[in-house]
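In our numbering, the protein residues as written are 3 to 452.
Quick reminder that beta carbons are idealized off the backbone N, C-alpha and C, glycines included.
Remember, predicted model here, so these are calculated numbers, not experimental data.
Inspection log for the structure reproduced underneath, given as structure tokens.
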Amino acid sequence: MRPARLFWKILLTYAVPNILVAVTFLVVVSTWQRASALRQVGEQLVDTARVVATLYRRDLADRTDSERQQELRDLGKATGLRITIVAADGRVLGDSAEDFRRMVNHSDRPEIQQALADGLGKSVRYSSTLGVSMYYVAIPVNANVGAPVVVRVASELSAIHREIHGAWWLLWSLACATGLLAIGLTYAMVGRLIKPMGELTAATRVLAGGDYNQPIDVHRDDEIGQLGGALEHMRTDLLTRVRDLRESRQQLATVLGSMREGVLAIDARQRIMFANEASGELLNVGVTDITNRPIREVTRSREMHETAQRVLAQEDSFELEFEAPGAVRRRLMLRATRLPGDPCPGAVIVLHDVSEVRRLENLRQELVANVSHELKTPLSSIKAYSETLRLGAINDPDHNLKFLANIEEQADRLHQLIQDLLQLARFESGQQAFEITSVDVPDLVRVCVE
């Protein structure tokens, strides 16, 4: 797996400062070493120049040019340095390496000019005569006779450069090896630090995907281990909550599915988010066909559309009774309730099938009308017979017994009607069931006819 950006950030945070410190240290040490080496060479050249100046005052000034030249050659071979005697006007009076008679005027040499001006001249430059880089030191000498001269002593810097370059390579090699070792250790340390974080990231993605059964195991005692423990605790807590939510959802689905009333949940755009089976039966559609569809596509009922708009717009709840369109005509009672929230997230619609209730109410009204008519007939007869008896027929032996028999018959009929009403009331309340008995149908028909 390719290291993450955090890996490189941490690695560079450790590695770059170390590399910068190492490079700065090497540059400072190399510069100091070069300056120290040049300073030592300069001090040696100054000491040698003073010795040659003393020798010149004592002996070389009185020598001939050939003798002086030979003496300078011998001194050059003995010391390994280049020794030059230069007059004040720049003429070369002797040189240990070249024939002084062929050498150009040295009045423009910086070390000569500085020596005549300050008493000591130094210069590090390229020698056009020898074709190498040289370190020059010059001091003036006041001879016993004649004008003053300048003794110049020079040393090749190639050996010093080789020594410095060798030291540089050694230091740079050590620095590179140390840097690579430090980077390797840092890489391993950062990798050990980042690896559990990658595992935590993968585990978090698994949690985000909805898989709460995979445990998070980070066996560390540092802050990353604490983070892993916190994520594991969160995972177990989420697993428990998800299980509880699933159980609650299943229970709610079971309850709503077992309800005879239709239940629909719509969002703010009047799209059906949930519907139980009863709602599909009441609206004459399939439950799977109405989910995630606008309510106006599910039913053509204008009352439902207007009620949904009304509740979502302003009212908390609203009730309405309407006749549902479809092949099976049903009388439905609708109650819509607005869900809490601002803006309103949706509403819940409950549908009750009141078709049977309304049919029973109509039957009850018809029954009341029929019973009223049936009660009125015996009561009218009883009243008529009783008034006739009161007006004098009670003394008529030919009719009074007959009138009393009719009153008794109508009273029995009235009593039977009342018993039938009480029995019907018991049936509706569920307190009494029908009793099945054997009857003589011809006798029953004869009684009804008579």
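Under the three-state DSSP convention, the category residue i falls into
| i | result |
| --- | --- |
| L334 | strand |
| P142 | strand |
| S160 | helix |
| T206 | helix |
| P5 | Residue placement at P5 is poorly supported in this model, since its pLDDT is 49, which falls under 50; the coordinates are not used for a value here. |
| I274 | strand |
| S281 | helix |
| Y137 | strand |
| A149 | coil |
| R154 | strand |
| G200 | helix |
| S109 | coil |
| I218 | coil |
| D344 | coil |
| L182 | helix |
| E393 | First, the amino acid is wrong: residue 393 is Leu here, not Glu. Coil, per DSSP. |
| S38 | helix |
| D61 | coil |
| W10 | helix |
| D398 | coil |
| R194 | helix |
| N286 | coil |
| R428 | helix |
| S32 | helix |
| G211 | coil |
| Y175 | In the sequence under discussion, the amino acid at residue 175 is Ser, which differs from the Tyr named in the question. Three-state result, S175: helix. |
| R366 | helix |
| T15 | helix |
| T26 | helix |
Within 8 Å, strictly: CB atoms of residue i and residue j
| i | j | result |
| --- | --- | --- |
| L336 | L322 | yes |
| L209 | G230 | no |
| L391 | L416 | no |
| R295 | H307 | no |
| A2 | L314 | Since the first residue shown for the chain is 3 and the last is 452, residue 2 is missing from the structure and cannot be characterised. |
| A427 | G348 | no |
| A420 | I384 | For the sequence presented, residue 420 should be read as Ile rather than Ala. Cβ distance not < 8 Å, so I420 and I384 don't count as in contact. |
| G96 | L74 | yes |
| L28 | W174 | yes |
| R332 | L365 | no |
| N278 | L258 | yes |
| I226 | P198 | yes |
| S98 | L122 | no |
| V94 | T81 | no |
| V287 | V352 | no |
| L47 | Y137 | yes |
| A17 | T180 | no |
| A149 | A63 | no |
| A326 | Q272 | no |
| R262 | A280 | yes |
| G92 | H108 | yes |
| R405 | A395 | Checking the displayed sequence, the identity of residue 405 turns out to be Phe instead of Arg. Result yes, Cβ atoms of F405 and A395 sit closer than 8 Å. |
Terminal residues of the alpha helix (DSSP H) in which residue i lies
| i | result |
| --- | --- |
| V265 | Here V265 belongs to no alpha helix (DSSP H); instead the beta strand (DSSP E) covers G264 to D269. |
| L353 | From DSSP, L353 is part of no alpha helix (DSSP H) but of the beta strand (DSSP E) over G348 to D355. |
| T256 | E225 to S260 |
| L77 | D67 to T81 |
| R448 | V443 to V451 |
Element boundaries [beta strand (DSSP E), containing residue i]
| i | result |
| --- | --- |
| I87 | R84 to A89 |
| V95 | Checking the displayed sequence, the identity of residue 95 turns out to be Leu instead of Val. That run of the beta strand (DSSP E) goes V94 to D97. |
| G123 | G123 to S129 |
Strand pairing of residue i, partner residues [DSSP]
| i | result |
| --- | --- |
| S319 | T339 |
| R104 | In the DSSP output, where bridge partners are listed per residue, R104 has none listed. |
| F324 | L334 |
| P296 | R273 |
| Any 3 or more C-beta pairs closer than 8 Å across the stretch 123-138 and the stretch 149-160 | When C-beta atoms of the stretch 123-138 are compared with those of the stretch 149-160, three or more pairs fall below 8 Å, so the two segments count as touching.
| field | Meets three-Cβ-pair contact criterion under 8 Å: the stretch 231-243 and the stretch 252-259 | value | Verdict: no, contact absent.
| task | Count the C-beta pairs between the stretch 175-185 and the stretch 23-35 that are closer than 8 Å, then say yes if the count reaches three, no if not. | result | Output reads yes: the stretch 23-35 touches the stretch 175-185.
| task | Evaluate contact between the stretch 360-376 and the stretch 386-406, counting only Cβ atoms and requiring at least three cross-stretch pairs below 8 Å. | result | Contact between the stretch 360-376 and the stretch 386-406 is absent, because fewer than three Cβ pairs lie under 8 Å.
| message | Using 8 Å as the cut-off, can you tell me whether the stretch 27-37 makes contact with the stretch 164-183, which would need three or more C-beta pairs spanning the two stretches below that distance? | response | Flag = yes, the stretch 27-37 and the stretch 164-183 touch.
| Is it true that the stretch 134-143 meets the stretch 39-51, where meeting means three or more beta-carbon pairs spaced less than 8 Å apart? | Cβ pair count under 8 Å is three or more, so yes.
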